[in-house]
Structure formats: C-alpha cells, structure tokens
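From first to last, the protein sequence lines stand for chains G and E. Using full-length UniProt numbering, the first residue of the first sequence is number 1, and each one after it goes up by one. Using full-length UniProt numbering, the first residue of the second sequence is number 1, and each one after it goes up by one. Just so it is clear, CB atoms sit at the ideal spot from N, CA and C, and this is done for glycine as well. Note that the coordinates shown come from a computational prediction; the quantities given were computed from them, not determined experimentally. Below is one structure, written out as structure tokens, with a few remarks after it.
2 protein chains.
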Amino acid sequence: MPIQKSKVTIFDVARASGVSSSAVSYALNGKSGVSDVTRDKVLKVAHELGWKPNGAAQALAKSKTQRVGLVLGYDPKLLSVEPYMMELISGLGAELEKYDYSLLVRMAVDENAKLAIIDDWIATGNVDAMLLVNVELGDPCVALLEEHEEMPVLAIADASVAGNLPSLSSADADAVRQAVRYLYDLGHRQIARVGGPESLAHSYIRDSAFADVASELGMRYRCLHTDYTPETGSEATKRLLSFPEHPTAIIYDNDVMALAGLGVAASQGIKVPEEISIMSWDDSFMCTAAYPNLTAMGRDVVDTGKQAAGLLLKLIDGERVGHLMEGPYELRARASTGPAPAEEKMR
Amino acid sequence: MPIQKSKVTIFDVARASGVSSSAVSYALNGKSGVSDVTRDKVLKVAHELGWKPNGAAQALAKSKTQRVGLVLGYDPKLLSVEPYMMELISGLGAELEKYDYSLLVRMAVDENAKLAIIDDWIATGNVDAMLLVNVELGDPCVALLEEHEEMPVLAIADASVAGNLPSLSSADADAVRQAVRYLYDLGHRQIARVGGPESLAHSYIRDSAFADVASELGMRYRCLHTDYTPETGSEATKRLLSFPEHPTAIIYDNDVMALAGLGVAASQGIKVPEEISIMSWDDSFMCTAAYPNLTAMGRDVVDTGKQAAGLLLKLIDGERVGHLMEGPYELRARASTGPAPAEEKMR
DNA sequence: TTGTAGGCGTTATCAC
DNA sequence: GTGATAACGCCTACAA
Numbered sequence: 001m002p003i004q005k006s007k008v009t010i011f012d013v014a015r016a017s018g019v020s021s022s023a024v025s026y027a028l029n030g031k032s033g034v035s036d037v038t039r040d041k042v043l044k045v046a047h048e049l050g051w052k053p054n055g056a057a058q059a060l061a062k063s064k065t066q067r068v069g070l071v072l073g074y075d076p077k078l079l080s081v082e083p084y085m086m087e088l089i090s091g092l093g094a095e096l097e098k099y100d101y102s103l104l105v106r107m108a109v110d111e112n113a114k115l116a117i118i119d120d121w122i123a124t125g126n127v128d129a130m131l132l133v134n135v136e137l138g139d140p141c142v143a144l145l146e147e148h149e150e151m152p153v154l155a156i157a158d159a160s161v162a163g164n165l166p167s168l169s170s171a172d173a174d175a176v177r178q179a180v181r182y183l184y185d186l187g188h189r190q191i192a193r194v195g196g197p198e199s200l201a202h203s204y205i206r207d208s209a210f211a212d213v214a215s216e217l218g219m220r221y222r223c224l225h226t227d228y229t230p231e232t233g234s235e236a237t238k239r240l241l242s243f244p245e246h247p248t249a250i251i252y253d254n255d256v257m258a259l260a261g262l263g264v265a266a267s268q269g270i271k272v273p274e275e276i277s278i279m280s281w282d283d284s285f286m287c288t289a290a291y292p293n294l295t296a297m298g299r300d301v302v303d304t305g306k307q308a309a310g311l312l313l314k315l316i317d318g319e320r321v322g323h324l325m326e327g328p329y330e331l332r333a334r335a336s337t338g339p340a341p342a343e344e345k346m347r
Numbered sequence: 001m002p003i004q005k006s007k008v009t010i011f012d013v014a015r016a017s018g019v020s021s022s023a024v025s026y027a028l029n030g031k032s033g034v035s036d037v038t039r040d041k042v043l044k045v046a047h048e049l050g051w052k053p054n055g056a057a058q059a060l061a062k063s064k065t066q067r068v069g070l071v072l073g074y075d076p077k078l079l080s081v082e083p084y085m086m087e088l089i090s091g092l093g094a095e096l097e098k099y100d101y102s103l104l105v106r107m108a109v110d111e112n113a114k115l116a117i118i119d120d121w122i123a124t125g126n127v128d129a130m131l132l133v134n135v136e137l138g139d140p141c142v143a144l145l146e147e148h149e150e151m152p153v154l155a156i157a158d159a160s161v162a163g164n165l166p167s168l169s170s171a172d173a174d175a176v177r178q179a180v181r182y183l184y185d186l187g188h189r190q191i192a193r194v195g196g197p198e199s200l201a202h203s204y205i206r207d208s209a210f211a212d213v214a215s216e217l218g219m220r221y222r223c224l225h226t227d228y229t230p231e232t233g234s235e236a237t238k239r240l241l242s243f244p245e246h247p248t249a250i251i252y253d254n255d256v257m258a259l260a261g262l263g264v265a266a267s268q269g270i271k272v273p274e275e276i277s278i279m280s281w282d283d284s285f286m287c288t289a290a291y292p293n294l295t296a297m298g299r300d301v302v303d304t305g306k307q308a309a310g311l312l313l314k315l316i317d318g319e320r321v322g323h324l325m326e327g328p329y330e331l332r333a334r335a336s337t338g339p340a341p342a343e344e345k346m347r
C-alpha cells in the first residue's frame, strides 16, 4: 500500500534503500552514474514509498516548471458561445500531458490585466512558455513579449499581427477563397458576410480576403459586424434581408449566428436553401443539430491545440519557430446551401 | 523602465536598498519587523527593479503553490458541445484571480489517467487544492481523495455521490419539479426525457427525480439515454415519436439535443409547440438562436464557478465545508413549449 | 560507483 | 529594528 499521509522526500528514499540522496536523484532521472543494481533498488523503494519529486523544489532547482501558460479574456459568453477555446484547450492539454506538462490558466478582465499577467509570468517564472490567443491589431501583448525573448511564446494569430513572435495561423485566406468559389459555382452573385468584432485580427483578415475574392469573381459583397451573439446575428440578417436586392447567400462568422440566421429566415417564411443559402464559419455539433443542417467551413481545432503544444515544447527546448499555418479548412456541404434562386441567376 | 532581462532576486533588491534580504522579505510581505522608512524604500526599489518573488522558491518555502487543480476528461466533443465547462472555468478563474490563485488544468484520457493525475498532485504538491467534476457513481477518485485529507477538494456533484468530500451540487431535484409542473400545468400528461450517459451521477439523479415527480402527478413518463450528441438526440427523438401514443413534451438534457429534436420535428412536419413541446436543460445562446426559441432550464454556471473558487480558498485556509447547493435553476419559458394538443388534453 | 556539499530564491527563526 | 542563518526538497558538480 503506497499510501503515505506525510510527504516523503528523496532522503527517505535514500535511507530506506541504503544509499545517498544523489544516487536516488540519478536513479530516478535515468542518468548514468549509478549501478543498475542500485538503480533498480532505488526505483523499487521509491515506488513502494509512493515518492514523487516535489514540484516546487524541482522547479527551483531546474528552473523549469513543466507548465505552459494561457491567458483568457474574461468574457464567459464569448468563451462559451463557441466551442473553439475548449477544443483548443483539449488538444493543448492532451498533447502537453504526454510530456508531463500542465496548462496554467488565468482569466484577464481586460487588456491591462492581460498585460499584468504576462508581466507576472515573466518575472515569477511560473510558466516555461505561453500561448497568446485572441491577438488584436496592434496588440500591446505582442510588443511586451517581443521585448522578453527569455519567455518562449507562440501566438495563435496571423503572421501579420504576430510581429516577431512565432505564430500558428489559420488558413483563413485559402478558406475564404474556397467558400466564395463554392457559392459562386452554385450561381450566387450577391453574397454577404456577418463577421465578428472588427477589433479582432482574424475578423479583419477574413473581411479583406472576402472583399478581394468577391471582387475578383465579379460578385457583389457586403459585410456587417457583430459581437458574435445570436442577437446581433439576427439583427444583421434582418438588415441584409431588408435590402431590395438582398444577398442570395450569407456566410456567418460562427455557428450560433448562422443558426440565428436560419431562424430569421424561418420566421420570415424564407426557404433555406431554396431562397437563401446559409453557411457557417466553424463547424460544430450545432451545425448538424440544426435543421436544415448547416453547411460549414470546418477545421480541426483540437489538432491545432496539439500542434501548438508541440511547438511550445520546441520553443522551450530552445528551438527556433517561425510563422506556421495550421491544417486547411474543409468545406462541409450540407443542406443549408443550394443553387442561387433562378431570378438571380439570370441577371 | 522596469524592464529587466535577467531575473532580479531578493538580494539584488537588498543590495540596491542597502538592507538585508530578510528585511526585504518582511517589507514585501507586509509583515512587521521593519521600520516604515525601510519598508517604503524597499518597496520603491523593488518596484523600480521590477522584482517579483520567484514562484518556485516561494512555493518551496511556504509549501503553497497558489494554484488550484482541475482534471478534465479528455473528450473534446463532450467538452465543447456544452458551454458548461467553459463557463465553470470562467467563473472559477475570475474569482481565483482576485486572490492571486491560478488554475492548473490537465486532461485525463481515461479513468486511470484521472486517478494518476490526482495521485500526482497529492505527491508533488503541485496544487493547493483541487476541484472534482463529472463525478460518476462509485467514482474511485472520491475514494482516493477521501484517504488523503491533506489535499483539499471540492466535488461539483450531488452529496449522494461525493462521500465525505465537501460538495457543491446543483439544484436538480427542485428544477425537475419545476419543469415537470410547468408542463403539467400546460396540460401535458405524457412526457419524455432524453438524458445523458447513465454513468454520470447527475443523469441518474435527474432520471429518478423525473420518475418520481411524474408518477406523483399521475403523468406517463419515459426516458431514453444518449451520449449528449445531436445524433443520439435525434435518434431518441425519432424513437419517441414513433410510438403510437407519443409524448406531447420532451425535455432534453442539453441544448444541442433539444436543437436536434427541433430539427426532427421540423423534418417530420410536426409543429412546435402546437403538436409537441420541446424543452432544454441548460440554457445557452443556442436556445435563443434556435427557431422557435427554446424554453430552457437555466442556471448561472459562471456563478457556480465563482462559488466553487470561494469554497476552495476556504478549504485551503483549513476551514470546513460541507455539502452545499448552488443557486436555483430558472425556467425560461420561450416559444418551443405550449399547451398540450387538444386530443391529449381530453384523455 | 558512490557520497558530500553547494546552490536554486524565499521564508522564517534567531541572536544582536 | 535589523541582519546572519537555517530550512524547504531537489539537482549536480566535485571528491572520494
């Protein structure tokens, strides 16, 4: 029964196995400098006693905490309205686990709190590296971290806003092309986008990519901004539908808004996809639960998390990492999109 | 410019302010034993140098990590399909932040991994306390933690499955009564529940509460189990609707399944709420984005997280905590529920 | 191969 | 009020 109430130290193990504390340390860290016989004995005794190195002591001695930090902006609604963050955390956590790393999470009420937390981690050494998410245009966090090369960081952001920091960006530009082309091929010539907050870098990036591709293909394009909630999504939809020549397809920046769009159409008796096509950016259970099932641009966020974990570990090991791109989006065509209505096609 | 590349220690502060390191420690921890003049000087110098205590050293000396642990079961779909966990984390993190505590998160691939992580935390002292979530019936984690009183734990679970551990439980029984009564008053006499996995304690608890209240009111009640995904939710709905005398109201254990239920009804041309009422357990953006808006039993999960944080801090301080209950559910009546169809009422 | 001793950065106990 | 000094538990040269 390896259950011990009081904490057992390396000295206890040393005494019980009749060797010195350093022998124990060597044995348990798999380092040479100790005979196989002793090693086995020490390992056995350590196991029997239920010994594990004290985290704080180990961290102090090695100046390695085995922890990676993640600062989240405190906005429970934003965080929970999309599965994104939880999926990212899942992948991140699962991969870190393989290397005995843990995830240290803190909530920042605002931009200053976020900066303070980063400062804190740099000074206290409470994490070996950190992941920067939700980067905004001209984000001061980027500047702060650029000044502190001693803190390994990976930004989940487009290279254009990550500065000199290593980054992992989503294949947005490519996905926008894919999505717009898909609608174009279905005959749509007037499309709209219901985007997220303009302050977020990725909203901006998608905005311009959409505008570019649409104009390239000679399509009419318009974009409205929201705060990601279904209320603002509905509102935007109503506005779009109120225009005399309204779009024949709308792409929403998240699934909750796409669902709300579906609702607006239903309440106005507009048939989906016969009269209007609806498409969601980011796929989730919600898309397959909705009726009709929502066509979505999906990507494997869990995998992004895993990839990020791998990169962070590389950075901790001192390797250099540049600007990388996560796996491609996949267009998952479902029932909410279809050929553009005939009258529009003829135009 | 308080920016320092190399880490500054307490000795640097001591030297720069012409006192000893212990004076610095006293001054910075607000303890007596140092004159106000020295204290102010030390504080000033420390700030100028951008000094902050090294986390590992502090943890080692005080045997307090300022960290609270949370083990999540690795199932990205389950984690992200519901906003629950992210909301809990938000509240938890925000409250902990106020007391300079952080959240340490680890992912457990299975039950054994979960036990191993708990064991690890007990032995390494990497967290000051931990939160136990998703407790199952006869959960071995509960037993393990009961044996280790030295590790403060709070179980987010019904008192009946938390054993001797302090617990914070949801007001499920009361909410079930509220929900069933609501449907009863609308004239429903045949209701069904689409529940989550039977292994989860709270599924079981809701199951029996439903059965009790329904029989008490003389209603017909039946229950099907799922894995929380929309696919199994749809399937269950189809089965329920295939019965000759099918229920006039269905309550789903989460919103994604309720949404799927809405979809099944729409696809079969069954009108909601005229022909069938649909209700969701747990409210989220999805409920107000759906069409018709879903009636839901809502609760403030973020607040539960905050409450949990407060209790954990108490436990860390050595206070005793028993079995507590979180705030009540709120029935948020929306468009997806209505009077039972006439033919049913007459029966 | 083994053991001894010093260091990691703080805190806390002592004499002064 | 102040300043050495010993923990805290582990790692790792360096000696034996």
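Going by DSSP, E/Q190 is part of the beta strand (DSSP E) stretching over Q190 to G195.
Remark: C-beta atoms of G/A308 and G/L131 approach each other more closely than 8 angstroms. Among the residues of the segment 245-267 of chain G, those with a Cβ less than 7 angstroms away from any Cβ of chain E are V256, L259, A260, L262, G263, A266 and S267, in the order of the chain. Counting along the chain, G/E330 sits inside no alpha helix (DSSP H); it lies in the beta strand (DSSP E) bounded by residues E330 to R332. Here the alpha carbons of E/P247 and E/L241 stand approximately 7 angstroms from one another. Boundaries of the beta strand (DSSP E) harbouring E/R67: R67 to G73, taken from the DSSP string.
Membership of E/T304 in the alpha helix (DSSP H) is indicated by the continuous run V301 to I316.
The closest CA to that of E/C141, considering only E/L165, E/D128, E/N126 and E/A123, is found on E/L165.
Within its own chain, the residues whose Cβ lies closer than 8 angstroms to the Cβ of E/G338, once the five positions on either side in sequence are excluded, are L186, P273, E274 and S277, listed in chain order.
Within chain G, A123 and T124 have C-beta atoms less than 9 angstroms from the C-beta of E/P53, given in sequence order. Using a CB distance cut-off of 8 angstroms, E/E111 does not count as an interface residue toward chain G.
Taking 8 angstroms as the upper bound for CB-CB distance, E/A56 and G/G125 are in contact here, some 7 angstroms apart. Between G/V301 and G/Y252, the gap from beta carbon to beta carbon reaches 8 angstroms or more. The distance from the Cβ of G/V24 to that of G/V37 is about 14 angstroms, inconsistent with a contact at the 8 angstroms cut-off. The beta-carbon of G/P76 is placed less than 8 angstroms from the nearest beta-carbon of chain E.
For E/F11, no CB of chain G lies under 8 angstroms from its own CB, so it is not counted at the interface with that chain.
A direct Cα-to-Cα measurement between E/E97 and G/R106 gives close to 7 angstroms.
Between the C-alpha atoms of E/N112 and G/H47 there is a straight-line separation of about 17 angstroms.
Under the Cβ distance rule, E/G50 counts among the residues neighbouring chain G, one pair being separated by less than 8 angstroms. A direct Cα-Cα distance of roughly 37 angstroms separates E/Q190 from G/T232. For G/T295, the enclosing beta strand (DSSP E) has its first and last residue at T295 to G298. In this structure, G/S336 lies away from G/M257, with their beta-carbon atoms at least 8 angstroms apart. Between E/E87 and G/P76, the C-beta spacing is below 8 angstroms. With at least 16 other beta carbons inside 10 angstroms of its own, E/Q58 counts as buried. Any Cβ of chain G closer than 8 angstroms to the Cβ of E/M85 would place that residue at the interface, and such an atom is present. With its beta carbon at least 8 angstroms from every one in chain G, E/E216 lies outside the interface. Contact with chain E is found for G/K7, since one of that chain's Cβ atoms lies less than 8 angstroms from the residue's Cβ.
For E/E97, the C-beta contacts it makes with chain G under 7 angstroms involve R106 and M107, in order along the chain.
In the structure shown, G/E136 falls within a strand segment according to DSSP collapsed to helix, strand and coil.
Take G/A16, set aside five residues on each side of it, and the residues of its chain with a beta-carbon closer than 6 angstroms to its own are V45, in chain order. Contact of E/F243 with chain G is not assigned, every C-beta pair being separated by 8 angstroms or more.
Counting of Cβ neighbours within 10 angstroms places E/D120 among the buried residues, the total reaching 16 or more. Of the residues E/I89, E/D100 and E/V109, the one whose Cα lies closest to the Cα of G/G91 is E/V109. Secondary structure of E/I270 (DSSP, three-state): coil. Positions of the alpha helix (DSSP H) runs, each at least 4 residues long and wholly inside the segment 111-191 of chain G, are given as 111-124, 140-147, 159-162 and 172-185 in order along the chain. A residue is called buried when at least 16 other Cβ atoms come within 10 angstroms of its Cβ; E/R320 does not meet this threshold and is exposed.
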